[in-house]
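Participant:
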Amino acid sequence: MSPLEFREAPVLDQREVAPNIFLLRVGGEFHALPGQFFLLRAWGLHPPLSRPMSVFDLSPGSLSFAYAVRGEGTRLLSRLRPGDIVQVLGPLGKGWSRAEGKVALVGGGMGLAPLLFTAKVFGRPLHIFLGFKGEPFLVEEFLPFGEVYVATEKPGYPGAFLGLVTEAFEPRGYAAVYACGPRPMLEALYEKCRAAGVPLHVSLEERLACGIGACFGCTIFTKRGPVRLCREGPVFRADEVFDGARSFRGT
Amino acid sequence: MEPDLSVGLRNWRLASPVIAAAGTFGFGEEYAELYDLAILGAVVTKTLTLCPRAGNPQPRLWETPCGLLNSIGLENPGIDAFCQEILPRVLRLGVPIVVSVFGDDPEEYGELARRIPPNVAALELNLSCPNVPGKSPVLAPTEVAARVAAARASWSGELWVKISPEGDYLGSALAAQDAGADAIVAVNTFRGMAIDLERRAPVFANVMAGLSGPAIKPLSLRIVYELCGVLHIPVIGCGGITSGRDALEFIFAGAHAVQVGTANFLHPLALPRIIREMQEYLRSQGIRNIEEVRGCARKR
Ligand SMILES: Cc1cc2nc3c(=O)[nH]c(=O)nc-3n(C[C@H](O)[C@H](O)[C@H](O)COP(=O)(O)OP(=O)(O)OC[C@H]3O[C@@H](n4cnc5c(N)ncnc54)[C@H](O)[C@@H]3O)c2cc1C
Ligand SMILES: Cc1cc2nc3c(=O)[nH]c(=O)nc-3n(C[C@H](O)[C@H](O)[C@H](O)COP(=O)(O)O)c2cc1C
Ligand code: FES
Numbered sequence: 001m002s003p004l005e006f007r008e009a010p011v012l013d014q015r016e017v018a019p020n021i022f023l024l025r026v027g028g029e030f031h032a033l034p035g036q037f038f039l040l041r042a043w044g045l046h047p048p049l050s051r052p053m054s055v056f057d058l059s060p061g062s063l064s065f066a067y068a069v070r071g072e073g074t075r076l077l078s079r080l081r082p083g084d085i086v087q088v089l090g091p092l093g094k095g096w097s098r099a100e101g102k103v104a105l106v107g108g109g110m111g112l113a114p115l116l117f118t119a120k121v122f123g124r125p126l127h128i129f130l131g132f133k134g135e136p137f138l139v140e141e142f143l144p145f146g147e148v149y150v151a152t153e154k155p156g157y158p159g160a161f162l163g164l165v166t167e168a169f170e171p172r173g174y175a176a177v178y179a180c181g182p183r184p185m186l187e188a189l190y191e192k193c194r195a196a197g198v199p200l201h202v203s204l205e206e207r208l209a210c211g212i213g214a215c216f217g218c219t220i221f222t223k224r225g226p227v228r229l230c231r232e233g234p235v236f237r238a239d240e241v242f243d244g245a246r247s248f249r250g251t
Numbered sequence: 001m002e003p004d005l006s007v008g009l010r011n012w013r014l015a016s017p018v019i020a021a022a023g024t025f026g027f028g029e030e031y032a033e034l035y036d037l038a039i040l041g042a043v044v045t046k047t048l049t050l051c052p053r054a055g056n057p058q059p060r061l062w063e064t065p066c067g068l069l070n071s072i073g074l075e076n077p078g079i080d081a082f083c084q085e086i087l088p089r090v091l092r093l094g095v096p097i098v099v100s101v102f103g104d105d106p107e108e109y110g111e112l113a114r115r116i117p118p119n120v121a122a123l124e125l126n127l128s129c130p131n132v133p134g135k136s137p138v139l140a141p142t143e144v145a146a147r148v149a150a151a152r153a154s155w156s157g158e159l160w161v162k163i164s165p166e167g168d169y170l171g172s173a174l175a176a177q178d179a180g181a182d183a184i185v186a187v188n189t190f191r192g193m194a195i196d197l198e199r200r201a202p203v204f205a206n207v208m209a210g211l212s213g214p215a216i217k218p219l220s221l222r223i224v225y226e227l228c229g230v231l232h233i234p235v236i237g238c239g240g241i242t243s244g245r246d247a248l249e250f251i252f253a254g255a256h257a258v259q260v261g262t263a264n265f266l267h268p269l270a271l272p273r274i275i276r277e278m279q280e281y282l283r284s285q286g287i288r289n290i291e292e293v294r295g296c297a298r299k300r
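Structural data, given as C-alpha cells:
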C-alpha cells in the first residue's frame, strides 16, 4: 500500500467540462490504487471539513479529479486557478482489484469519477457503461480503455440508450462488476447482479471528517459489523453492505 | 534557545501542553502515519465502554458555520478488546496514552478503572458525552462526585475528569476535585441540532448532537477562565482551538494544557503546527518557559 501523505500541491489546470462539472489537475508525483481517494481543501476555517474526491486520473507529474459542484466546498474548489495551492491528503481507503476475465464498470452521473483510473489500470477485456440524466460528459476520456456504452434519460443523443443505465446493463457473462453512482442505482444494479450470480463491487459515499479512520464519523453497518467507510472502503462488495445491513440501526 | 513548552501536572510532566482530544484521534495509530506523535503532550483515546458499541446510524456529521455537529454515539471495541489488542500497539507510539472511558453509572466507572493497566499515563472520565441515546450529558454535581469517587477507588494513577459545558459546570468541577480528580478537562461538546428542510425532520436520529470547532472557542475559553478562578487542580482547556494563538489564550486564561479535536480534521498536521506557532510566539516575546505566562491574562 502507498504511504499516506499530506501535501500542498499546485493547481496545473482546471476546466469546466460540462455545466457544473469540473476537471481539476494538480502537480506532483502521486501514487494510488483504483478506487482510492484523496481529501482536498483550499480554504480556511469554513467549511470545517475537507472534501473527498476519487482519483479520476493519475499520470507521471499529475493527479486529477472530476467533480460536480454541489455546495460550498466544491464551489470553492471550482474557483481554483493554475498556480493556486490545494491541500491534498492521501491516498485514502482501499482500492478495488480486478477479477480475471471480462469485467464491467458501471457509472451513474458523477459516479463515473473513480472509473476512468480504474479502467486504465484494469485494462481489457473491459466494458464500460455510463449513465446520465441529461447530456453525457467525459465519455471520450473512456474510449481508449474499453467498449463504452452510454445511457441517458434525455432524448437526443444518437448512439446512446434512452433510459437508465441499470436498464441498459445486463450482468450475465461478466466475471465481476464495479460500480459507482447514486444509491438507488447501486441497489437496482445489485438486484440484477445477485440474480445473475455476478459479484458486484460498489464505491459508497458518506460525509467524512478525518478521512483516515480516526473519528468514526463515516461508519456504515455491514454484514461484518460497523466499518469505517474511509478506511475499510469506500469500495465494498455489494453483498456485504446491501444485504442484511440495512436492518441494523446502531446502538 | 527553544522556549520550554513542558508543563507540570500533579503527578506528571507533559513534554508539550498540546494533547489530542478524545474521539478525534482514534487510538493514535492513524495520525502516527503522518507525523511523530512524540511532540505531543499526550494522546487521549476514543472513549471506551465496558461492552463494544456500534454507535449511531448515519448521518453522524453535519457542518455549521465554523462548527461541526457530531453524533458518533461512542462507537468503540469495548475496554477488554482495547486493552488486549490495541493498547499494546499504541503504547509503542512513543507518546503518553490517556485512556478515556464512559460508564452508565458509578459502578461501571469503578469497573472500567479496574481494567486499565497501570502503564497508561492517565485515565480520563468522559462525564459529558452528548451522543448516547436516552442519556443526558449533563450530570448533577452529586452524580459527578459518585462517578469520580468510584473510579478513584480503583485507579491510583493520574485521573482526569472531562466535564460538559452545560448545567452546573462549576459545581461539577468542584465536586470532581473533591472526589479525587487530578485535573479537569473543560470542555466536551455543546448540545446542538440541525433540521433537514427536505425531510422536515432533525438531521440526526438522536435529534441532538455535539457542537465542536472554532464556533465554540469563545464559550469554552470563558468556562476555562471561570474554572481556573475556583479550582486548585490543573485545568486542561478544550474547545475550538485551531492555532497556536488560540492555545495560548487558554494558557493565559489559566489552563495548564489544551486538548485539540476538530482542528485535526481541518488540517491533518494541525497539532504540530499549533506547537510550532506557540513556540514562535514565546520566542518572539522572549519568554523562555510557558509556565511563566500561565494565567497572565487573569484580572487580579
Ligand atoms: C470517498 C468519496 C469519494 C468521492 N469522490 C467524488 C468525486 O470524485 N467527484 C465528485 O464530484 N464527488 C465525489 N464525492 C462526493 C463529494 O465529496 C461531495 O459531493 C462533496 O463533498 C460535496 O461538498 P460541497 O461542500 O460541495 O457540498 P455540501 O454543501 O457539503 O453538500 C451539498 C449537497 O450534497 C449532499 N452531500 C454532501 N456530501 C454528501 C455525502 N458524502 N453523502 C451524501 N450526500 C452528501 C448534502 O446533503 C447537500 O445536499 C466523493 C465522496 C466520497 C465519500
Ligand atoms: C467526531 C468527534 C468525536 C468525539 N468523540 C469523543 C469521545 O469519544 N469522547 C470524548 O470525551 N469527547 C469526544 N469528542 C469531543 C472532543 O474530544 C472535544 O471535547 C470537543 O470536540 C471540543 O473540542 P474541539 O472543538 O477542539 O473539537 C468528540 C468530538 C468530535 C468532533
Ligand atoms: S472519516 Fe474519520 S473515521 Fe472515516
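Protein chains in written order, with the numbering used here: chain A, 1 to 251; chain B, 1 to 300.
The beta-carbon is built from N, C-alpha and C at its ideal position, and this holds for glycine as well.
Does DSSP put B:ASN126 in a helix, in a strand, or in coil?
Facilitator: If DSSP states are grouped into helix, strand and coil, B:ASN126 belongs with the strands.
Participant: Just reading off the beta strand (DSSP E) that B:GLY237 is part of, what are its end residues?
Facilitator: Per DSSP, B:GLY237 belongs to the beta strand (DSSP E) from 235 to 238.
Participant: Please classify A:GLN87 as buried or exposed, where buried requires at least 16 neighbouring CB atoms within 10 angstroms.
Facilitator: Buried is the call here.
Participant: Any residues in the region 216 to 228 of chain A with a beta carbon nearer than 8 angstroms to a beta carbon of chain B? Which ones, in chain order?
Facilitator: Within the region 216 to 228 of chain A, the residues whose Cβ lies closer than 8 angstroms to some Cβ of chain B are PHE216, GLY217, CYS218, THR219, ILE220, PHE221, GLY225 and PRO226, listed in chain order.
Participant: Going by DSSP in three states, A:THR254 sits in which element: helix, strand or coil?
Facilitator: A question about residue 254 of chain A goes unanswered here, because the residues of chain A that appear run from 1 up to 251.
Participant: For the alpha helix (DSSP H) containing A:GLN14, name the first residue and the last one.
Facilitator: It is not in any alpha helix (DSSP H) - A:GLN14 instead sits in the beta strand (DSSP E) that spans 5 to 18.
Participant: What residues in the region 179 to 209 of chain B bring their beta carbon closer than 8 angstroms to a beta carbon of chain A?
Facilitator: Per Cβ criterion, the list reads ALA205.
Participant: Would you say A:ALA245 lies against chain B (beta-carbon separation less than 8 angstroms)?
Facilitator: Confidence in A:ALA245 is poor, its pLDDT being 48 and thus under 50, which makes the residue's placement too unreliable to answer from.
Participant: Show which residues of chain A have a CB atom less than 8 angstroms away from the CB atom of B:GLU33.
Facilitator: In chain order: PRO3, LEU4 and ILE212.
Participant: Mapping DSSP to helix, strand and coil, what is B:LEU5?
Facilitator: DSSP places B:LEU5 in coil when its eight states are reduced to three.
Participant: Check whether the Cβ of A:TYR178 sits closer than 7 angstroms to any heavy atom of ligand 1, and report yes or no.
Facilitator: No - ligand 1 has no heavy atom lying nearer than 7 angstroms to the Cβ of A:TYR178.
Participant: Where does B:GLN84 land, buried or exposed, given buried means 16+ other C-beta within 10 angstroms?
Facilitator: Answer is exposed; the Cβ neighbour count stays below 16.
Participant: Does the beta-carbon of B:ASP246 have 16 or more other beta-carbons within 10 angstroms, so that it is buried, or is it exposed?
Facilitator: Buried, by the Cβ-count rule.
Participant: Using 8 angstroms as the limit for Cβ to Cβ distance, is B:ALA247 near chain A?
Facilitator: Chain A contact via Cβ: absent.
Participant: Report the residues of the region 171 to 199 of chain A with a CB closer than 8 angstroms to any CB of chain B, ordered along the chain.
Facilitator: Answer in chain order: no residues at all.
Participant: Strictly below 8 angstroms CB to CB, what residues from chain B border A:LEU89?
Facilitator: The answer, in chain order, is PRO268.
Participant: Please name the residue, chosen from A:LEU39, A:GLY44 and A:LEU23, that lies closest to A:PHE56 on a Cα-to-Cα basis.
Facilitator: Ranking the options by Cα distance to A:PHE56, first place goes to A:LEU23.
Participant: Checking 8 angstroms against the spacing of the C-beta atoms, do B:SER128 and B:ILE163 come in under that value?
Facilitator: Going by C-beta atoms, B:SER128 is nearer than 8 angstroms to B:ILE163.
Participant: State the start and end residues of the unbroken alpha helix (DSSP H) segment that holds A:ASP239.
Facilitator: Residues 238 to 242.
Participant: Over what stretch of residues does the beta strand (DSSP E) that includes A:TYR149 continue unbroken?
Facilitator: Run containing A:TYR149: 147 to 152, per the beta strand (DSSP E) assignment.
Participant: In the structure shown, what three-state DSSP assignment does B:ASN188 receive?
Facilitator: Reduced to three states, the DSSP call for B:ASN188 is coil.
Participant: Quick check: does the Cβ of B:ALA320 come within less than 7 angstroms of any heavy atom belonging to ligand 3?
Facilitator: For residue 320 of chain B there is no data in the structure shown, the boundaries of chain B being 1 and 300.
Participant: Please report the distance separating the alpha-carbon of A:LEU112 from that of B:ALA257.
Facilitator: One C-alpha to the other measures close to 47 angstroms.
Participant: Within 8 angstroms (strictly less), CB to CB, does B:ILE290 reach chain A?
Facilitator: False, the Cβ-Cβ gap to chain A never drops below 8 angstroms.
Participant: What residue range is occupied by the uninterrupted beta strand (DSSP E) comprising B:GLN279?
Facilitator: It is not in any beta strand (DSSP E) - B:GLN279 instead sits in the alpha helix (DSSP H) that spans 270 to 284.
Participant: Please list, following the chain, all residues that have a C-beta closer than 5 angstroms to any non-hydrogen atom of ligand 1.
Facilitator: Going along the chain, the residues that qualify are A:PHE37, A:ARG51, A:PRO52, A:MET53, A:SER54, A:TYR67, A:ALA68, A:ARG70, A:GLY71, A:GLU72, A:GLY73, A:THR74, A:MET110, A:ALA113, A:GLU205, A:ARG207 and A:PRO234.
Participant: Can you give me the start and stop residues for the alpha helix (DSSP H) that A:MET119 sits inside?
Facilitator: According to the sequence as given, residue 119 of chain A is Ala; it is not Met. Its alpha helix (DSSP H) spans residues 115 to 122.
Participant: Buried or exposed: which applies to B:ASP196, given that a residue is buried once 16 or more other Cβ atoms fall within 10 Å of its Cβ?
Facilitator: It counts as exposed.
Participant: Tell me whether A:CYS218 counts as near ligand 3, meaning its Cβ is closer than 7 angstroms to at least one heavy atom of that ligand.
Facilitator: Indeed, a heavy atom of ligand 3 lies less than 7 angstroms from the Cβ.
Participant: Enumerated in chain order, which unbroken segments of the alpha helix (DSSP H) with a length of 4 residues or greater are wholly contained in the region 147 to 197 of chain A?
Facilitator: As far as the region 147 to 197 of chain A is concerned, its whole alpha helix (DSSP H) runs of at least 4 residues are 165 to 168 and 183 to 196.
Participant: Report whether the distance from the Cβ of A:LEU229 to the nearest heavy atom of ligand 4 is below 7 angstroms.
Facilitator: With respect to ligand 4, the structure shown offers nothing to examine, as its ligands consist of ligand 1, ligand 2 and ligand 3.
Participant: Using a beta-carbon distance cut-off of less than 8 angstroms, what residues from the region 45 to 62 of chain B approach chain A?
Facilitator: Result list: LYS46, ARG53, ALA54, GLY55, ASN56, PRO57, GLN58, PRO59, ARG60, LEU61 and TRP62.
Participant: Which bits of chain A does B:GLU277 rub up against, with CB to CB less than 7 angstroms?
Facilitator: Neighbours of B:GLU277 on chain A: none; closest Cβ ~15 angstroms, over 7 angstroms.
Participant: Tell me the DSSP secondary structure of B:GLU198 in three-state form.
Facilitator: Coil, per DSSP.
Participant: So the beta strand (DSSP E) A:ARG41 belongs to, where does it begin and stop?
Facilitator: Taken as a continuous stretch (DSSP letters only), the beta strand (DSSP E) holding A:ARG41 covers 37 to 41.
Participant: Output, in chain order, the set of chain A residues within a Cβ distance shorter than 9 angstroms of B:PRO131.
Facilitator: The question names Pro, yet the displayed sequence has Asn at residue 131 of chain B. Residues of chain A passing the Cβ test: none, with the nearest at roughly 11 angstroms.
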